[in-house]
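Number of protein chains: 2
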Amino acid sequence: MKRSEQTRDRLQSVAIQLFEERGFDGVTVEEIAHQAGVSHMTFYRHFPTKESVVFDDPFDPMIGELVAAQDKSLIAFERTRRGIVAGLSMLDADDDHDIRRRVRLATGSSTLRARILENNHRTEDVIVQALQLNGTSAMEARVVAGAILGAVTSALIDWSGRESPGYLHQYLTEALGVLGAVGIDV
Amino acid sequence: MKRSEQTRDRLQSVAIQLFEERGFDGVTVEEIAHQAGVSHMTFYRHFPTKESVVFDDPFDPMIGELVAAQDKSLIAFERTRRGIVAGLSMLDADDDHDIRRRVRLATGSSTLRARILENNHRTEDVIVQALQLNGTSAMEARVVAGAILGAVTSALIDWSGRESPGYLHQYLTEALGVLGAVGIDV
DNA sequence: CGACTAAACGTTAGTGACTAACATCCAAGG
DNA sequence: CCTTGGATGTTAGTCACTAACGTTTAGTCG
């Protein structure tokens, strides 16, 4: 591993640890950098903002590709659901643990909550784009994406708040199943 | 009108004007305050943040009440749709013009876009609460709210981008009608 | 080994949002 | 007139984030 990647990882793990101890707003970038043995400029060379150290998901673009890759004969809702489930199936227990820490962190800070919303919105946009590629109207795409992401977000927060959560993949798959049963079948 | 309200209005109109001219990030709070003939502290006594001068909607709580007030025998989707339409019907042409300026401003600034998402999320939470009051499950509530707000947001941005938009109320009502026709009938 | 080069990092100085503490002004009411 | 409370100003500070420029480190090639 290159030196710069090591530094990056060190910054990230130090930051998340400190955030868990004293809250996102109770820790300065200066502190994180110092505790990782670097200057604050090095922090900003690895992470564009203080928030981005918590959220650096490469998840969104993948979701888009997976949704776009679904069979065109399927309805928009089903293409989206299958795309998301396909993405989730790639997560292992370590990913789960990591995601859980981050989501728990985020629910405790207004700054991070805002950032989650932004991520969510980007994911929604990506899905909307993917759906439109296969001929779904803009409005229908946004409705489907909004509904499914609403369910996913709700389930994600639920899951991260539980004491002994099962697998995220399984939990969200069930949530999306419920959603189908609820009657949305665009 | 009290002196403090005058100051507040002056700050707000100066701010929005400057934002339209040079973009949200191209204007400092110092400038806004100076141009309104006050100090930056006075600005912060009237608005908690720079963004809040663009968004100070008292709209969300009202939506919640309207949704909660709908007939319990209706399905969740219909309660929400009627609640929102009821809220929209209170808007006159001046409100429309104002909303249009703000939305156009917001779509041009990443900072303000983030703020819109936050507002949206608060509205969603309010609707979810209102729906749950009448016995809808948390998951179903979030799905319905997510879907409807997705449609509303999409339509709102569409509308604000048009050269000669009609009435917002009419536009959004149609959008929500389409949504119903699309097949969501939880 | 020693010089060279590029990536990684540090220092310094600055901007701008936002806050706290304290001082001042100004419009009523007594 | 004078007092009192609300509105405002001043000052000094914190913190996220950026720009410019200097320094170190790691690997490469002669």
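Protein chains in written order, with this note's numbering: chain C, 1 to 186; chain U, 1001 to 1186.
Glycine included, C-beta positions come from ideal geometry on N, C-alpha and C.
Inter-residue Cα distance where the pair is residue 177 of chain C and residue 34 of chain C:
In the first sequence, counting from the first residue as 1, residue 177 of chain C sits at position 177. In the first sequence, counting from the first residue as 1, residue 34 of chain C sits at position 34. Going by the C-alpha atoms only, they are around 47 Å apart.
Have a look at residue 1076 of chain U and residue 1048 of chain U and give me their C-alpha separation to the nearest angstrom.
Residue 1076 of chain U sits at position 76 when you count from the first residue of the second sequence. Residue 1048 of chain U sits at position 48 when you count from the first residue of the second sequence. The straight-line gap from Cα to Cα measures roughly 35 Å.
So which residues of chain C does residue 1121 of chain U contact, with C-beta pairs closer than 7 Å?
On the second sequence, residue 1121 of chain U is found 121 positions in, with the first residue counted as 1. Those are 117, listed as they occur along chain C.
Separation of residue 38 of chain C from residue 1145 of chain U, as counted between CA atoms:
Here residue 1145 of chain U refers to the residue found at position 145 of the second sequence. Here residue 38 of chain C refers to the residue found at position 38 of the first sequence. Residue 1145 of chain U and residue 38 of chain C have their C-alpha atoms roughly 45 Å apart.
Check whether the Cβ atoms of residue 1242 of chain U and residue 1102 of chain U lie closer than 8 Å to each other.
Residue numbering for chain U in the displayed model covers 1001 to 1186; residue 1242 of chain U lies beyond these limits and cannot be assessed.
What residue does the alpha helix (DSSP H) around residue 1061 of chain U start on, and which one ends it?
What you label residue 1061 of chain U is simply residue 61 of the second sequence in a count that begins at 1. Residues 1059-1068.
Within the 8 Å Cβ cut-off, does residue 184 of chain C reach chain U?
Walking along the first sequence from the start, residue 184 of chain C turns up at place 184. Any reading at residue 184 of chain C needs caution, since the residue's pLDDT is 45, under 50, leaving its predicted position unreliable; the model's value is listed next. For residue 184 of chain C, the closest Cβ of chain U is nearer than 8 Å.
Which residue comes first and which comes last in the alpha helix (DSSP H) that contains residue 1126 of chain U?
Residue mapping note: residue 1126 of chain U aligns to position 126 of the second sequence, counting from 1. Annotation: the continuous alpha helix (DSSP H) that includes residue 1126 of chain U extends over 1110-1133.
Tell me whether residue 1001 of chain U sits in a helix, a strand or coil according to DSSP, three-state version.
Within the second sequence, residue 1001 of chain U is the residue found at index 1, counting from 1. Three-state result, residue 1001 of chain U: coil.
Alpha carbon to alpha carbon, what distance is there between residue 164 of chain C and residue 89 of chain C?
For the purposes of this step, residue 89 of chain C is identified with residue 89 of the first sequence, where counting begins at 1. For the purposes of this step, residue 164 of chain C is identified with residue 164 of the first sequence, where counting begins at 1. Distance between the alpha carbons of residue 89 of chain C and residue 164 of chain C is about 20 Å.
Please report the residue range of the alpha helix (DSSP H) in which residue 1028 of chain U lies.
As a first step, residue 1028 of chain U must be located in the second sequence, where it is residue number 28. Here residue 1028 of chain U belongs to no alpha helix (DSSP H), and DSSP marks it neither H nor E.
Taking 7 Å as the limit between beta carbons, can you name the residues of its chain near residue 1127 of chain U, skipping five residues before and five after?
To locate residue 1127 of chain U, count along the second sequence from 1; it is residue 127. The beta carbon of residue 1127 of chain U sits closer than 7 Å to those of 1063, 1064, 1067, 1080, 1145, all from its chain and outside the five residues before and after it, given in chain order.
Sufficient close CB pairs (3 or more, under 8 Å) joining the stretch 1001-1014 of chain U to the stretch 131-145 of chain C
Contact between the stretch 1001-1014 of chain U and the stretch 131-145 of chain C is not established, with fewer than three Cβ pairs separated by less than 8 Å.
Hey, does residue 67 of chain C have any beta-carbon neighbour from chain U nearer than 8 Å?
What you label residue 67 of chain C is simply residue 67 of the first sequence in a count that begins at 1. So, not an interface residue.
Cβ shell of residue 167 of chain C (< 7 Å), same chain only, five flanking positions each side left out:
Residue 167 of chain C sits at position 167 when you count from the first residue of the first sequence. Excluding sequence neighbours, residue 167 of chain C sits near 96.
Does residue 1087 of chain U come out as helix, strand or coil in the three-state DSSP assignment?
The residue you call residue 1087 of chain U lines up with position 87 of the second sequence. Annotated three-state conformation of residue 1087 of chain U is helix, per DSSP.
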